[in-house]
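At position 254 of the sequence shown (counting the first as 1) the number is 254 in the UniProt record's numbering, and the numbers step up by one without a gap.
To keep things clear, I will list the structure first and then write my remarks on it.
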Amino acid sequence: MSIPRSGEIERKIGSDPSSIGLTENEIYNPAVLETIEKALYDLDGELRDLSLKIHGHPELQFEERYAHDTLSSFMDSHGFKTTTHYLMETAWRAEFVHGNGGRVLGINSEMDALPGIGHACGHNLIAISGVGIALAVKAAMEKHDISGRIVLLGTPAEEGGGGKITLIERGGFKDMDVCLMSHPGPGPQNSIGLGSCLASQTITVEYVGHSAHAAASPWEGQNALDAVVLAYSSVSMLRQQIKPNHRVHGVIEGKDWAPNIIPDYAKMRWRARAPSSTELNDLVKRLKACFEAAAIATSCKVTIGTSQAYLDLRQNAALAGHFASTVKNRYHTLITDAPGAIGGSTDFGNVTHELPAIHPSFAIPTEPNGGNHTTLFADAARTSEAHKATMDVTKGLALTGLRVLADHAFYDTVKKSFDESLA
(Lines of atoms letter the chains of each structure in order from A and count residues from 1; the text may use other names and numbers.)
(Lines give C-alpha, C1' and ligand atoms only; values in the text may rest on other atoms or scores of the structure.)
Protein backbone atom coordinates (compact mmCIF):
# COMPACT_ATOMS: atom_id res chain seq x y z
CA MET A 1 0.00 0.00 0.00
CA SER A 2 1.75 3.14 -1.18
CA ILE A 3 0.84 6.51 0.30
CA PRO A 4 2.60 9.46 -1.37
CA ARG A 5 5.32 10.92 0.83
CA SER A 6 5.23 14.50 -0.36
CA GLY A 7 3.20 16.97 -2.39
CA GLU A 8 -0.06 15.67 -0.92
CA ILE A 9 -3.29 17.23 -2.08
CA GLU A 10 -6.14 16.83 0.36
CA ARG A 11 -9.04 15.10 -1.31
CA LYS A 12 -12.74 15.85 -1.00
CA ILE A 13 -14.38 12.48 -1.51
CA GLY A 14 -17.20 12.77 -4.02
CA SER A 15 -18.36 16.11 -2.58
CA ASP A 16 -17.90 18.26 0.49
CA PRO A 17 -18.82 16.83 3.92
CA SER A 18 -22.04 18.86 4.11
CA SER A 19 -23.49 16.69 1.34
CA ILE A 20 -23.66 13.76 3.78
CA GLY A 21 -25.03 15.78 6.68
CA LEU A 22 -21.79 17.01 8.23
CA THR A 23 -20.37 20.47 8.53
CA GLU A 24 -16.62 20.91 8.14
CA ASN A 25 -15.92 20.54 11.89
CA GLU A 26 -18.77 18.26 12.92
CA ILE A 27 -18.59 14.58 13.85
CA TYR A 28 -21.65 12.38 13.64
CA ASN A 29 -23.11 11.61 17.06
CA PRO A 30 -20.21 12.30 19.45
CA ALA A 31 -21.86 10.17 22.17
CA VAL A 32 -21.74 7.12 19.91
CA LEU A 33 -18.14 7.85 18.97
CA GLU A 34 -17.26 8.08 22.66
CA THR A 35 -18.78 4.63 23.18
CA ILE A 36 -16.76 3.25 20.25
CA GLU A 37 -13.54 4.80 21.51
CA LYS A 38 -14.09 3.47 25.04
CA ALA A 39 -14.83 -0.02 23.73
CA LEU A 40 -11.60 -0.05 21.72
CA TYR A 41 -9.63 1.43 24.61
CA ASP A 42 -10.86 -1.38 26.85
CA LEU A 43 -10.03 -3.98 24.17
CA ASP A 44 -6.69 -2.51 23.18
CA GLY A 45 -4.50 -5.00 25.03
CA GLU A 46 -6.46 -7.99 23.76
CA LEU A 47 -6.36 -6.72 20.17
CA ARG A 48 -2.63 -6.06 20.39
CA ASP A 49 -2.05 -9.58 21.69
CA LEU A 50 -4.24 -11.01 18.92
CA SER A 51 -2.26 -9.09 16.29
CA LEU A 52 1.06 -10.40 17.59
CA LYS A 53 -0.24 -13.97 17.67
CA ILE A 54 -1.30 -13.80 14.02
CA HIS A 55 1.96 -12.06 13.07
CA GLY A 56 3.97 -14.74 14.86
CA HIS A 57 2.21 -17.57 13.01
CA PRO A 58 2.27 -16.52 9.34
CA GLU A 59 0.27 -18.81 7.06
CA LEU A 60 0.00 -18.83 3.27
CA GLN A 61 -3.18 -18.65 1.24
CA PHE A 62 -5.79 -21.30 2.03
CA GLU A 63 -3.62 -22.56 4.92
CA GLU A 64 -4.72 -20.00 7.55
CA ARG A 65 -5.74 -22.62 10.10
CA TYR A 66 -4.14 -21.01 13.16
CA ALA A 67 -5.61 -17.61 12.24
CA HIS A 68 -8.99 -19.23 11.51
CA ASP A 69 -9.14 -20.92 14.91
CA THR A 70 -7.67 -18.02 16.89
CA LEU A 71 -9.85 -15.28 15.40
CA SER A 72 -13.11 -17.21 15.34
CA SER A 73 -12.60 -18.32 18.96
CA PHE A 74 -11.91 -14.72 19.96
CA MET A 75 -15.17 -13.52 18.38
CA ASP A 76 -17.09 -16.37 20.00
CA SER A 77 -15.72 -15.37 23.39
CA HIS A 78 -17.00 -11.82 22.86
CA GLY A 79 -20.63 -12.66 22.23
CA PHE A 80 -20.71 -13.32 18.50
CA LYS A 81 -22.24 -16.38 16.89
CA THR A 82 -19.39 -17.88 14.91
CA THR A 83 -19.44 -20.26 11.97
CA THR A 84 -16.12 -21.97 11.33
CA HIS A 85 -15.05 -23.23 7.89
CA TYR A 86 -17.65 -20.91 6.40
CA LEU A 87 -18.09 -21.73 2.67
CA MET A 88 -14.32 -22.40 2.51
CA GLU A 89 -12.00 -24.41 4.75
CA THR A 90 -10.20 -21.45 6.29
CA ALA A 91 -12.94 -18.80 6.08
CA TRP A 92 -15.09 -17.98 9.11
CA ARG A 93 -18.12 -15.83 9.91
CA ALA A 94 -19.01 -14.02 13.14
CA GLU A 95 -22.51 -12.56 13.54
CA PHE A 96 -24.21 -10.34 16.10
CA VAL A 97 -27.86 -9.22 16.06
CA HIS A 98 -29.49 -6.53 18.17
CA GLY A 99 -33.12 -5.40 18.17
CA ASN A 100 -35.60 -6.09 15.42
CA GLY A 101 -34.86 -5.64 11.73
CA GLY A 102 -32.38 -3.05 10.57
CA ARG A 103 -29.53 -3.19 8.12
CA VAL A 104 -26.53 -5.51 7.90
CA LEU A 105 -23.01 -4.15 8.37
CA GLY A 106 -20.38 -6.29 6.68
CA ILE A 107 -16.71 -6.24 7.72
CA ASN A 108 -13.68 -8.19 6.46
CA SER A 109 -10.61 -9.50 8.29
CA GLU A 110 -7.78 -10.75 6.08
CA MET A 111 -5.40 -13.36 7.50
CA ASP A 112 -2.88 -14.71 4.97
CA ALA A 113 0.85 -14.03 4.81
CA LEU A 114 3.49 -14.12 2.06
CA PRO A 115 5.97 -16.89 1.18
CA GLY A 116 9.26 -16.45 2.99
CA ILE A 117 8.56 -12.99 4.41
CA GLY A 118 5.55 -13.56 6.64
CA HIS A 119 3.13 -10.73 7.34
CA ALA A 120 4.92 -8.32 5.01
CA CYS A 121 1.58 -6.87 3.92
CA GLY A 122 0.30 -6.37 7.46
CA HIS A 123 -2.70 -8.68 7.34
CA ASN A 124 -2.36 -9.17 11.09
CA LEU A 125 -3.38 -5.51 11.39
CA ILE A 126 -6.25 -5.96 8.93
CA ALA A 127 -7.45 -8.92 10.97
CA ILE A 128 -7.62 -7.01 14.25
CA SER A 129 -9.12 -3.94 12.60
CA GLY A 130 -12.04 -6.04 11.39
CA VAL A 131 -12.41 -7.57 14.84
CA GLY A 132 -12.19 -4.14 16.49
CA ILE A 133 -14.81 -2.60 14.19
CA ALA A 134 -17.23 -5.44 14.91
CA LEU A 135 -16.77 -5.31 18.71
CA ALA A 136 -16.95 -1.50 18.88
CA VAL A 137 -20.13 -1.36 16.79
CA LYS A 138 -21.64 -4.11 18.96
CA ALA A 139 -20.95 -2.04 22.07
CA ALA A 140 -22.56 1.03 20.51
CA MET A 141 -25.62 -0.91 19.29
CA GLU A 142 -26.20 -2.27 22.79
CA LYS A 143 -25.66 0.99 24.67
CA HIS A 144 -27.63 3.20 22.27
CA ASP A 145 -30.22 0.55 21.34
CA ILE A 146 -29.57 0.56 17.60
CA SER A 147 -31.12 -2.32 15.68
CA GLY A 148 -29.23 -4.21 13.03
CA ARG A 149 -26.81 -7.01 12.34
CA ILE A 150 -23.02 -7.23 12.12
CA VAL A 151 -21.38 -9.85 9.89
CA LEU A 152 -17.59 -10.16 10.15
CA LEU A 153 -15.98 -12.46 7.60
CA GLY A 154 -12.53 -13.92 7.98
CA THR A 155 -11.42 -13.95 4.35
CA PRO A 156 -8.56 -16.24 3.24
CA ALA A 157 -6.10 -15.96 0.39
CA GLU A 158 -6.03 -12.30 -0.59
CA GLU A 159 -2.43 -12.70 -1.76
CA GLY A 160 -3.25 -14.19 -5.16
CA GLY A 161 -5.87 -16.77 -4.19
CA GLY A 162 -8.95 -14.58 -4.59
CA GLY A 163 -10.63 -15.79 -1.43
CA LYS A 164 -13.23 -13.01 -1.46
CA ILE A 165 -14.14 -13.82 -5.06
CA THR A 166 -14.94 -17.38 -4.04
CA LEU A 167 -16.94 -16.12 -1.07
CA ILE A 168 -18.90 -13.79 -3.36
CA GLU A 169 -19.68 -16.66 -5.72
CA ARG A 170 -20.84 -18.84 -2.80
CA GLY A 171 -23.11 -16.16 -1.32
CA GLY A 172 -20.92 -14.95 1.53
CA PHE A 173 -21.68 -11.27 0.90
CA LYS A 174 -25.28 -11.48 -0.31
CA ASP A 175 -26.96 -10.33 2.93
CA MET A 176 -24.69 -7.31 3.56
CA ASP A 177 -25.84 -3.74 2.95
CA VAL A 178 -22.29 -2.32 3.08
CA CYS A 179 -18.82 -3.76 3.69
CA LEU A 180 -15.76 -2.18 5.34
CA MET A 181 -12.07 -2.96 5.73
CA SER A 182 -8.70 -1.20 5.62
CA HIS A 183 -5.09 -1.94 4.66
CA PRO A 184 -1.73 -0.71 6.02
CA GLY A 185 1.11 0.67 3.94
CA PRO A 186 4.13 2.99 4.17
CA GLY A 187 3.85 6.75 4.05
CA PRO A 188 3.71 9.93 6.10
CA GLN A 189 2.63 9.20 9.65
CA ASN A 190 -1.05 9.83 10.37
CA SER A 191 -2.13 9.76 6.71
CA ILE A 192 -4.84 7.79 4.93
CA GLY A 193 -5.39 7.13 1.23
CA LEU A 194 -8.85 6.78 -0.29
CA GLY A 195 -7.90 6.23 -3.91
CA SER A 196 -8.62 3.27 -6.13
CA CYS A 197 -6.37 0.35 -7.04
CA LEU A 198 -5.57 -1.64 -10.16
CA ALA A 199 -7.53 -4.50 -11.65
CA SER A 200 -5.32 -7.57 -11.75
CA GLN A 201 -5.08 -11.04 -13.28
CA THR A 202 -2.67 -13.90 -12.74
CA ILE A 203 -1.41 -15.75 -15.82
CA THR A 204 0.28 -19.16 -15.70
CA VAL A 205 2.32 -20.21 -18.74
CA GLU A 206 3.75 -23.72 -19.20
CA TYR A 207 6.07 -24.80 -22.04
CA VAL A 208 6.64 -28.44 -22.92
CA GLY A 209 9.48 -29.33 -25.27
CA HIS A 210 11.68 -32.37 -25.75
CA SER A 211 14.83 -33.22 -23.81
CA ALA A 212 18.13 -34.11 -25.51
CA HIS A 213 21.84 -34.30 -24.75
CA ALA A 214 22.97 -30.70 -24.84
CA ALA A 215 26.38 -31.59 -26.37
CA ALA A 216 25.88 -34.81 -28.33
CA SER A 217 22.56 -34.07 -30.06
CA PRO A 218 21.09 -30.66 -29.22
CA TRP A 219 19.23 -30.60 -32.57
CA GLU A 220 16.94 -33.33 -31.24
CA GLY A 221 15.65 -31.09 -28.45
CA GLN A 222 12.95 -28.48 -28.12
CA ASN A 223 14.18 -26.18 -25.39
CA ALA A 224 11.45 -25.10 -22.95
CA LEU A 225 13.93 -22.89 -21.11
CA ASP A 226 14.63 -21.03 -24.35
CA ALA A 227 10.87 -20.54 -24.68
CA VAL A 228 10.49 -18.88 -21.29
CA VAL A 229 13.59 -16.74 -21.77
CA LEU A 230 12.28 -15.56 -25.13
CA ALA A 231 8.83 -14.91 -23.67
CA TYR A 232 10.30 -13.01 -20.71
CA SER A 233 12.41 -10.88 -23.05
CA SER A 234 9.37 -10.16 -25.22
CA VAL A 235 7.37 -8.97 -22.22
CA SER A 236 10.30 -6.81 -21.12
CA MET A 237 10.26 -5.12 -24.51
CA LEU A 238 6.47 -4.82 -24.42
CA ARG A 239 6.77 -2.78 -21.21
CA GLN A 240 8.19 0.10 -23.27
CA GLN A 241 4.86 0.39 -25.07
CA ILE A 242 2.37 -0.06 -22.23
CA LYS A 243 0.79 2.81 -20.32
CA PRO A 244 2.51 4.22 -17.21
CA ASN A 245 -0.27 2.97 -14.94
CA HIS A 246 -0.16 -0.59 -16.33
CA ARG A 247 1.99 -3.20 -14.62
CA VAL A 248 3.39 -6.58 -15.68
CA HIS A 249 5.69 -8.71 -13.51
CA GLY A 250 6.54 -12.39 -13.43
CA VAL A 251 8.90 -15.19 -12.44
CA ILE A 252 10.37 -18.25 -14.17
CA GLU A 253 10.20 -21.73 -12.65
CA GLY A 254 11.49 -25.15 -13.71
CA LYS A 255 12.34 -28.61 -12.45
CA ASP A 256 15.24 -31.04 -12.77
CA TRP A 257 17.32 -28.64 -14.85
CA ALA A 258 20.96 -29.46 -15.61
CA PRO A 259 23.35 -27.68 -17.97
CA ASN A 260 23.99 -30.79 -20.08
CA ILE A 261 20.30 -31.57 -20.66
CA ILE A 262 17.96 -29.63 -22.94
CA PRO A 263 15.08 -28.69 -20.57
CA ASP A 264 11.77 -30.14 -21.70
CA TYR A 265 9.60 -28.20 -19.23
CA ALA A 266 9.46 -24.64 -17.95
CA LYS A 267 6.84 -22.51 -16.28
CA MET A 268 6.17 -18.81 -15.74
CA ARG A 269 3.79 -17.02 -13.38
CA TRP A 270 2.79 -13.49 -14.29
CA ARG A 271 0.62 -10.76 -12.83
CA ALA A 272 -0.91 -8.13 -15.12
CA ARG A 273 -2.50 -4.95 -13.72
CA ALA A 274 -4.43 -2.04 -15.22
CA PRO A 275 -6.85 0.63 -13.94
CA SER A 276 -9.98 -1.12 -15.29
CA SER A 277 -11.08 -4.58 -16.38
CA THR A 278 -11.35 -3.41 -20.00
CA GLU A 279 -7.76 -2.18 -20.05
CA LEU A 280 -6.66 -5.32 -18.21
CA ASN A 281 -8.25 -7.56 -20.85
CA ASP A 282 -6.42 -5.69 -23.62
CA LEU A 283 -3.10 -5.98 -21.77
CA VAL A 284 -3.56 -9.72 -21.18
CA LYS A 285 -4.19 -10.26 -24.91
CA ARG A 286 -0.87 -8.59 -25.72
CA LEU A 287 0.92 -10.75 -23.15
CA LYS A 288 -0.60 -13.93 -24.55
CA ALA A 289 0.76 -12.99 -27.97
CA CYS A 290 4.28 -12.87 -26.48
CA PHE A 291 3.85 -16.29 -24.89
CA GLU A 292 2.46 -17.89 -28.03
CA ALA A 293 5.15 -16.37 -30.25
CA ALA A 294 7.86 -17.86 -28.02
CA ALA A 295 6.28 -21.29 -28.39
CA ILE A 296 6.28 -21.00 -32.17
CA ALA A 297 9.89 -19.83 -32.24
CA THR A 298 11.13 -22.75 -30.12
CA SER A 299 8.78 -25.49 -31.40
CA CYS A 300 7.43 -25.99 -27.88
CA LYS A 301 3.84 -26.55 -26.84
CA VAL A 302 2.37 -23.86 -24.62
CA THR A 303 -0.52 -23.90 -22.15
CA ILE A 304 -1.79 -20.56 -20.87
CA GLY A 305 -4.08 -20.33 -17.86
CA THR A 306 -5.67 -17.24 -16.32
CA SER A 307 -7.18 -16.72 -12.88
CA GLN A 308 -10.37 -14.86 -12.22
CA ALA A 309 -9.54 -11.16 -12.30
CA TYR A 310 -9.28 -8.92 -9.25
CA LEU A 311 -11.42 -5.90 -10.19
CA ASP A 312 -10.55 -2.25 -9.62
CA LEU A 313 -11.47 -0.79 -6.23
CA ARG A 314 -14.54 1.47 -6.17
CA GLN A 315 -14.58 3.53 -2.99
CA ASN A 316 -18.17 4.45 -2.14
CA ALA A 317 -18.21 8.26 -2.12
CA ALA A 318 -20.69 8.66 0.75
CA LEU A 319 -18.98 6.12 3.02
CA ALA A 320 -15.57 7.55 2.17
CA GLY A 321 -16.76 11.10 2.81
CA HIS A 322 -18.09 10.24 6.25
CA PHE A 323 -15.00 8.26 7.19
CA ALA A 324 -12.66 10.99 5.92
CA SER A 325 -14.50 13.71 7.83
CA THR A 326 -14.37 11.66 11.04
CA VAL A 327 -10.67 10.79 11.02
CA LYS A 328 -9.67 14.25 9.80
CA ASN A 329 -11.61 16.15 12.45
CA ARG A 330 -11.17 13.72 15.34
CA TYR A 331 -7.65 12.40 14.79
CA HIS A 332 -6.19 15.17 12.60
CA THR A 333 -5.41 12.70 9.84
CA LEU A 334 -4.20 13.76 6.41
CA ILE A 335 -6.56 12.41 3.73
CA THR A 336 -5.09 11.83 0.29
CA ASP A 337 -6.13 10.38 -3.05
CA ALA A 338 -3.40 7.78 -2.66
CA PRO A 339 -3.99 4.36 -4.22
CA GLY A 340 -5.39 1.68 -2.00
CA ALA A 341 -3.92 -1.80 -1.61
CA ILE A 342 -0.29 -0.92 -2.27
CA GLY A 343 -1.15 0.97 -5.43
CA GLY A 344 -1.60 -2.61 -6.56
CA SER A 345 -4.61 -4.90 -6.42
CA THR A 346 -6.99 -6.58 -3.99
CA ASP A 347 -9.84 -9.06 -4.25
CA PHE A 348 -11.82 -6.57 -2.15
CA GLY A 349 -12.13 -4.69 -5.44
CA ASN A 350 -14.61 -7.37 -6.50
CA VAL A 351 -16.60 -6.74 -3.32
CA THR A 352 -16.91 -3.04 -4.20
CA HIS A 353 -18.60 -4.02 -7.48
CA GLU A 354 -21.21 -6.02 -5.55
CA LEU A 355 -22.26 -3.60 -2.80
CA PRO A 356 -21.31 -0.23 -1.25
CA ALA A 357 -17.89 -0.52 0.37
CA ILE A 358 -14.70 1.31 1.34
CA HIS A 359 -11.11 0.15 1.74
CA PRO A 360 -8.94 3.00 3.08
CA SER A 361 -5.18 2.56 3.15
CA PHE A 362 -3.39 3.90 6.22
CA ALA A 363 0.26 4.64 6.89
CA ILE A 364 2.38 2.88 9.48
CA PRO A 365 5.96 3.96 10.29
CA THR A 366 8.47 2.04 8.17
CA GLU A 367 12.19 2.05 7.44
CA PRO A 368 13.42 3.54 4.11
CA ASN A 369 12.65 1.18 1.22
CA GLY A 370 10.57 -0.85 3.62
CA GLY A 371 7.24 -0.84 1.82
CA ASN A 372 4.73 -3.66 1.48
CA HIS A 373 6.06 -7.11 0.58
CA THR A 374 9.44 -6.56 2.24
CA THR A 375 10.86 -8.00 5.44
CA LEU A 376 11.15 -4.45 6.79
CA PHE A 377 7.40 -4.01 6.43
CA ALA A 378 6.81 -7.30 8.22
CA ASP A 379 8.88 -5.88 11.11
CA ALA A 380 6.90 -2.62 11.01
CA ALA A 381 3.56 -4.46 11.14
CA ARG A 382 4.27 -5.69 14.67
CA THR A 383 5.22 -2.33 16.22
CA SER A 384 3.15 -0.43 18.76
CA GLU A 385 3.06 2.56 16.38
CA ALA A 386 1.46 0.41 13.68
CA HIS A 387 -1.08 -0.82 16.21
CA LYS A 388 -2.02 2.74 17.19
CA ALA A 389 -2.50 3.74 13.54
CA THR A 390 -4.69 0.69 13.04
CA MET A 391 -6.86 1.59 16.01
CA ASP A 392 -7.45 5.15 14.77
CA VAL A 393 -8.62 3.83 11.40
CA THR A 394 -10.73 1.23 13.18
CA LYS A 395 -12.52 3.94 15.19
CA GLY A 396 -13.36 5.91 12.04
CA LEU A 397 -14.64 2.82 10.23
CA ALA A 398 -16.67 1.72 13.25
CA LEU A 399 -18.46 5.07 13.44
CA THR A 400 -19.07 4.99 9.68
CA GLY A 401 -20.53 1.49 9.92
CA LEU A 402 -22.65 2.40 12.93
CA ARG A 403 -24.13 5.33 11.03
CA VAL A 404 -25.17 2.98 8.23
CA LEU A 405 -27.21 1.07 10.81
CA ALA A 406 -28.65 4.10 12.61
CA ASP A 407 -29.21 6.76 9.95
CA HIS A 408 -31.74 5.91 7.21
CA ALA A 409 -31.05 9.08 5.21
CA PHE A 410 -27.32 8.43 5.27
CA TYR A 411 -27.79 4.88 4.03
CA ASP A 412 -29.97 6.18 1.20
CA THR A 413 -27.08 8.45 0.20
CA VAL A 414 -24.69 5.50 0.35
CA LYS A 415 -26.96 3.37 -1.82
CA LYS A 416 -27.50 6.19 -4.31
CA SER A 417 -23.73 6.68 -4.61
CA PHE A 418 -23.28 2.97 -5.30
CA ASP A 419 -26.02 2.90 -7.92
CA GLU A 420 -24.46 5.89 -9.67
CA SER A 421 -21.07 4.15 -9.72
CA LEU A 422 -22.62 1.31 -11.73
CA ALA A 423 -24.21 3.58 -14.31
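All residues carry an ideal CB built from backbone N, CA and C; glycine is no exception.
Secondary structure at Trp219: helix, using DSSP grouped into helix, strand and coil. Judged by beta-carbon spacing, Ala398 lies within the 8 Å limit of Ala136, meaning their Cβ atoms are closer than that value. Residue environment analysis places His68 among the buried positions, since at least 16 neighbouring C-beta atoms fall within 10 angstroms of its C-beta.
In the DSSP assignment, Asn350 is bridged to no other residue. Val97 and Tyr86 have their C-alpha atoms roughly 18 Å apart. Between Leu60 and Ile107, the beta carbon gap of about 23 Å keeps them out of contact (Cβ cut-off 8 Å).
Nearest in C-alpha terms to Asp76, of all of Ala134, Tyr310 and Gly305, is Ala134. The DSSP-derived three-state label of Thr326 is helix. The beta carbon of Ser277 is closer than 8 Å to those of Ala199, Ala309, Leu311 and Asp312 in its chain, skipping five residues each way along the sequence. Restricting attention to beta strand (DSSP E) runs no shorter than 3 residues, the region 346-411 encloses them at 361-363, ordered along the chain. Annotation for Glu385: Ile364 and Pro365 place their beta carbon closer than 7 Å to its own, counting only its chain and skipping 5 residues before and after. Closest option to Val229, judged by alpha-carbon separation, among Asn350, Ala294 and Lys285: Ala294. Ranked by how close their Cα comes to the Cα of Glu95, the residues His78, Leu422, Glu89 and Glu110 have His78 in first place. Put simply, of Gly221, Ala216, Gln189 and Ala289 the residue whose alpha carbon is nearest the alpha carbon of Met237 is Ala289.
Between Val414 and Val302, the gap from beta carbon to beta carbon reaches 8 Å or more.
Every beta strand (DSSP E) of 3 residues or more that sits fully in the region 60-132 is shown, in chain order, as 81-83, 92-98 and 104-110.
Assignment of Gly163 by DSSP, reduced to helix, strand and coil, places it in the helix class.
The beta strand (DSSP E) runs lying completely inside the region 136-192 and spanning 3 residues or more are 148-155, 178-180 and 183-185, given in chain order. CA-CA distance, Tyr232 to Ile242, rounds to 15 Å. Here Ile165 is actually not in contact with Ala214; their C-beta atoms are around 43 Å apart, not less than 8 Å. DSSP, reduced to helix, strand and coil, places Ser200 within a strand of the structure shown. For a cut-off of 8 Å, the C-beta gap from Leu125 to Pro30 is around 27 Å, too long to register as a contact. Ser72 is classed as buried because its beta carbon has at least 16 other beta carbons within 10 Å across all chains shown.
Take the alpha-carbon of Thr202 and the one of Trp257: they are about 25 Å apart. Lys138 is classed as buried because its beta carbon has at least 16 other beta carbons within 10 Å across all chains shown.
Between Met181 and His359 the beta-carbon gap is near 6 Å, inside 8 Å, which marks them as a contact.
According to the DSSP assignment, Tyr265 belongs to the beta strand (DSSP E) that extends over Tyr265 to Ala274. Note that the C-beta distance between Leu43 and Gly132 is below 8 Å. Of the residues assessed, Asp282 falls on the exposed side of the cut-off, its CB having fewer than 16 other CB atoms within 10 angstroms.
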